[in-house]
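Report on one structure; see the data block that follows.
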Amino acid sequence: AQTVTQSQPEMSVQEAETVTLSCTYDTSENNYYLFWYKQPPSRQMILVIRQEAYKQQNATENRFSVNFQKAAKSFSLKISDSQLGDTAMYFCAFMKHGAGSYQLTFGKGTKLSVIP
Amino acid sequence: ETGVTQTPRHLVMGMTNKKSLKCEQHLGHNAMYWYKQSAKKPLELMFVYSLEERVENNSVPSRFSPECPNSSHLFLHLHTLQPEDSALYLCASSQGADHSPLHFGNGTRLTVT
């Protein structure tokens with residue numbers, strides 16, 4: 020079974036600064052996908068970024084980027100130039116590769132507050 | 034604007050009531066999901082439907098009964114719930130491929146009294 024650990028229950032960052040959210044996972048799989056989801060107060064979970072484990076290049080999506088360390092089973096999210104709208108819960112998630120694989124395993128989340 | 038719509042947004046029910054949660058997706062996806070989100074716990078996958086067939090049932094108590102009449106609609110029928118079932122229930126959809134990202138609705142906040 021896979022597990023996902025987010026060791027920072029809460030974090031805060033000044034507006035326009037950079038913050039990194041950590042995520043580690045445990046799996047015996049070699050091929051899989053990793054995700055970061057954002058859940059603002061509106062409650063809707065929104066996909067922020069996705070990484071395929073077979074790709075060595077770190078995924079980037081505008082101000083969001085990841086540091087994927089496969090050997091260390093680490094998948095941190097960096098938010099640059101933080102904005103007030105980035106205030107939300109952030110969830111790291113893992114999914115096995117393979118047809119018919121629907122199980123998305125989530126961490127407990129990190130509550131990020133962006134301070135004006 | 035979300036492509037996945039959940040109703041009601043809030044629901045308070047007694048332990049002897051019967052109610053249903055509704056989810057509708059407008060994205061043309063062929064897989065739909067129910068997740069439970071409780072405080073201080075990771076999201077828990079409850080049920081998955083692919084092409085209207087249930088493909089995953091994660092040991093959910095029988096007081097929760099899903100229904101997927103077509104690929105755009107998903108229901109969660111509730112009866113004789115317990116107070117510990119109070120949580121945010123999230124519906125999601127995906128294209129059904131193994132790595133397709135999920136698109137979530139805004140959830141139904143359920144309180145069982």
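From first to last, the protein sequence lines are chains A and B.
In terms of the numbering used here, the first sequence is numbered consecutively and its last residue is 135.
In terms of the numbering used here, the second sequence is numbered consecutively and its last residue is 146.
A virtual CB, placed ideally from N, CA and C, is assigned to each residue, including glycine.
For residue i: DSSP bridge partner residues
i      : result
B:L123 : B:Y68
A:A107 : A:L131
B:P99  : B:L109
A:Y51  : A:K115
B:H43  : B:R142
A:T43  : A:T24, A:S93
B:K52  : B:L111
B:S83  : B:A64, B:E86
B:Q58  : B:V37
A:S31  : A:S132
A:V38  : A:I98
B:E77  : B:K69
A:L123 : A:M114
Nearest-angstrom Cα separation, counted from residue j out to residue i
i      : j      : result
B:L44  : B:R142 : 6 angstroms
B:S98  : B:N90  : 10 angstroms
A:Q25  : A:S93  : 10 angstroms
B:R42  : B:F108 : 14 angstroms
A:A78  : B:S95  : 41 angstroms
B:T113 : A:P60  : 30 angstroms
B:T40  : B:L123 : 11 angstroms
A:H116 : A:L131 : 29 angstroms
A:S99  : A:Q76  : 18 angstroms
B:G138 : A:A90  : 34 angstroms
A:N50  : A:Y121 : 14 angstroms
B:T146 : B:Q115 : 8 angstroms
A:R69  : B:M48  : 40 angstroms
B:L78  : A:I134 : 33 angstroms
B:R87  : B:F80  : 7 angstroms
A:L123 : A:F113 : 6 angstroms
A:R82  : A:L53  : 18 angstroms
A:L40  : A:A20  : 23 angstroms
A:C42  : A:E71  : 15 angstroms
A:A35  : B:L111 : 45 angstroms
B:Y68  : A:R62  : 13 angstroms
Chain-ordered neighbours of residue i on chain B, where CB pairs are closer than 7 angstroms
i      : result
A:G104 : Simply none; closest approach about 16 angstroms.
Proximal chain A residues relative to residue i, where beta-carbon distance stays under 8 angstroms
i      : result
B:G140 : R62, Q63
Cross-chain neighbours of residue i in chain B, by beta carbon under 9 angstroms
i     : result
A:F54 : P134, L135
Secondary structure, beta strand (DSSP E): runs of 3+ residues fully inside the stretch 54 to 90 of chain A: The qualifying runs are 65 to 71, 83 to 88.
Contacting positions in the stretch 38 to 53 of chain B - beta carbon closer than 8 angstroms to chain A: Correct list: empty, as no residue qualifies.
Residues in the stretch 61 to 75 of chain A having any Cβ partner in chain B nearer than 7 angstroms: S61, R62, Q63, M64, L66, R69
Residues of the stretch 104 to 133 of chain A with Cβ closer than 9 angstroms to any Cβ of chain B, in chain order: F110, A112, M114, K115, H116, G117, A118, G119, S120, Y121, Q122, L123, T124, F125, G126, K127, G128
Residues within the stretch 73 to 101 of chain B neighbouring chain A, beta-carbon criterion of under 9 angstroms: K73, K74, P75, L76, E77, L78, V81, S83, V88, E89, N91
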